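Participant:
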Amino acid sequence: MLILNSILQLTTYSGGINLKRPANIPKLLAPVNSYDGAKMVVDAGADEIYLGVTVPGRLRNLWLNRSPFCEVSSYDELSRIVGYAHAHNVKVVLTAVFPFMAKSMEDDLRRHLKRCLDEDVDAIIIGDLGILSIVKSIGVEIPIYASTFMASMNYEAVKFLSKLGFSRVILERHLTIDEIHKIAEHSHVEIEVFVHGGGCSNINANCYLLHWIFPRLLFTPLRDLTPCRHPFRVYDEHGRLQGVLPILDGFTWCALCRVPQLLKAGVSGFKIVGRCLSGERQAIMTKAYREILDTLAEGKTGGKAFRDKLNSVIRELDDYYVRMIGRSFRELFCKQKRCYYIPLLTAQYRYG
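Throughout, our numbering is defined as the position within the sequence shown, counted from one, plus 33.
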């Protein structure tokens, strides 16, 4: 009961009603994987939620959203999520970011997408040009967003995607704020960036590490199965073992401190990572960024007022992380400088 009360205190937030906000404040896009989690995230202040839905039948084990075991389980559950979100003026975005689409899968995918569209999803995130072709073939009339798996890292790439019909482009993580600003300045579509959650050490869509070698049993919130974060034996040129280190680990996590800079860069949307996380954790991250964005919407873009709000938000995250895994948020990420959009990653090896 004590844990339940703390969850409710952390995730019930007046911003969940999604009142009208200034146009220059980015939309907040948060992940969900269940109806209960969606309610928590909507109440925490998300403007949009994104999700994957299990493809029934012979493609049931095809993870169309590239996040194993993190999908909404049925169309009925999707319908309930859409109903709750729309009642709170929150949009629902479907993910379709599988990296390739074989001919034998096309009919199943068409049926699946049409069924999801019947439930009134508001937009689709697409991560493959083959899937884009299928989406266009069924006459989709809702907005389509280019996933980070399109590896968009400059405004020429964004311009190309806009000509294909994308109305929003989610940029690759490995950019500086100056680069993001230049892209946004030259683009005629919405530009969305990641702000929180597991940042891949490699460029999305260009990582060839083997991610699927573990049984489902190991997929728990406290286990990290991202290959680039694992320890590797490191040898010098003479074959001498130098140690066992997570040498590929360039993992970034948070952009709370950089929200004002991203706002000035002209970003249209903030995306939180974490479709495989619990609804509680998804909601806590959403609430943190909602509070920061609402502080900026009030005109408190610098000075003591903003710093006080930032410190308050980080204290809440500290309390949650200490309670859940015994380590503070500052210790895990701030002290290690695991920050999005810094000019050069200076983070130590994980937990170093």
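Here a beta-carbon is modelled for each residue, glycine too, at the ideal position from N, C-alpha and C. Bear in mind the structure is a predicted one, so any value in this text is a computation, not a measurement.
When we look at the beta-carbon of Pro376 and count the other beta-carbons within 10 Å, is it buried (16 or more) or exposed?
Facilitator: Your numbering for residue 376 matches position 343 in the sequence shown. The residue is exposed, with fewer than 16 neighbouring Cβ atoms inside 10 Å.
Participant: What do you reckon, are the CB atoms on Val88 and Leu127 nearer than 8 angstroms?
Facilitator: Taking the first residue of the sequence shown as 1, we reach residue 88 at position 55. Taking the first residue of the sequence shown as 1, we reach residue 127 at position 94. No, the Cβ-Cβ distance between Val88 and Leu127 is not below 8 angstroms.
Participant: Suppose only complete runs of 3+ residues qualify. What are the beta strand (DSSP E) ranges in the stretch 137-181, listed by chain order?
Facilitator: Listed in chain order, the complete beta strand (DSSP E) runs (minimum 3 residues) inside the stretch 137-181 are 156-159 and 177-179.
Participant: I need the boundaries of the beta strand (DSSP E) containing Pro64, first residue and last residue.
Facilitator: What you label residue 64 is simply residue 31 of the sequence shown in a count that begins at 1. Taken as a continuous stretch (DSSP letters only), the beta strand (DSSP E) holding Pro64 covers Lys60 to Pro64.
Participant: What do you get for Gly307, buried or exposed, if any count of 16 or more other CB atoms within 10 angstroms of its CB means buried?
Facilitator: Numbered from its first residue, the sequence shown carries residue 307 at position 274. Looking at its Cβ environment, which holds 16 or more other Cβ atoms inside 10 Å, Gly307 is buried.
Participant: Would you say Leu350 and Pro59 are within 8 angstroms of each other, going by their C-beta atoms?
Facilitator: For the purposes of this step, residue 350 is taken as the residue at position 317 of the sequence shown. For the purposes of this step, residue 59 is taken as the residue at position 26 of the sequence shown. No.
Participant: To the nearest angstrom, how far is the alpha carbon of Pro260 from that of Lys370?
Facilitator: Position 227 of the sequence shown, counted from the first residue, corresponds to residue 260. Position 337 of the sequence shown, counted from the first residue, corresponds to residue 370. So the alpha carbons of these two residues sit roughly 21 angstroms apart.
Participant: I'd like the list of long-range same chain contacts for Ala297, defined as Cβ closer than 7 angstroms, with 5 residues on each side in sequence excluded.
Facilitator: Here residue 297 corresponds to residue number 264 of the sequence shown, with the count starting at 1. As written in the sequence, residue 297 is Lys, which differs from the Ala given in the question. So the list is empty, once near-sequence residues are dropped.
Participant: Which term fits Gly160, buried or exposed, when burial requires 16 or more other beta carbons within 10 angstroms of its beta carbon?
Facilitator: If you number the sequence shown from 1, residue 160 lands on position 127. Classification for Gly160: buried.
Participant: Is it buried or exposed for Ser185, if we count other Cβ within 10 angstroms and need 16 for buried?
Facilitator: Here residue 185 refers to the residue found at position 152 when the sequence shown is read from its first residue. The residue in question, Ser185, is buried, as its Cβ has 16 or more Cβ neighbours within 10 Å.
Participant: How would you call Ala120, buried or exposed, if buried means at least 16 neighbouring beta carbons within 10 angstroms?
Facilitator: Residue numbering aside, residue 120 sits at position 87 when the sequence shown is read from its first letter. Exposed is the call here.
Participant: Near Arg363, what residues of its chain come up, given a Cβ to Cβ distance below 7 angstroms and the 5 sequence neighbours on each side ignored?
Facilitator: Reading the sequence shown from its first residue, position 330 is the one you call residue 363. The answer, listed in chain order, is Ile347 and Asp351.
Participant: So, is His271 buried or exposed, given that buried needs 16 or more other C-beta atoms within 10 angstroms?
Facilitator: Start at 1 with the first residue of the sequence shown, and residue 271 comes out as number 238. Per the 10 Å Cβ criterion, exposed.
Participant: Apply the 10 Å Cβ neighbour rule to Tyr374 and answer buried if 16 or more other Cβ atoms are within range, or exposed otherwise.
Facilitator: Numbered from its first residue, the sequence shown carries residue 374 at position 341. Under this definition Tyr374 is a buried residue.
Participant: When the distance is taken between beta carbons, is Gly312 closer than 8 angstroms to Val74?
Facilitator: By 1-based counting over the sequence shown, the position of residue 74 is 41. By 1-based counting over the sequence shown, the position of residue 312 is 279. Cβ distance < 8 angstroms, so Val74 and Gly312 count as in contact.
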